[in-house]
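Per the working numbering, the very first residue in the sequence shown carries number 4; after that it's consecutive. Even glycine gets a Cβ: it sits at the ideal position worked out from N, Cα and C. Below is one structure, written out as structure tokens; the observations come after it.
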Amino acid sequence: EDLSLIRKGFIEMAVSDRYSRDVGKAKDLMKRMLRRVK
4 EDLSLIRKGF
14 IEMAVSDRYS
24 RDVGKAKDLM
34 KRMLRRVK
């Protein structure tokens, strides 16, 4: 049972890390787009 909980925690951490990275890329893209518009 403990192993499955630990595995679940690792998966959640990996998913949230990937998500935060994607959000960062999206924000960078938005900044570039705004600069081009101005």
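Cβ shell of residue i (< 7 Å), same chain only, five flanking positions each side left out
i: Leu-6; result: none
i: Leu-37; result: none
i: Lys-41; result: none
Contact set for residue i: own chain, Cβ-Cβ below 6 Å, skip 5 residues either direction
i: Gly-27; result: none
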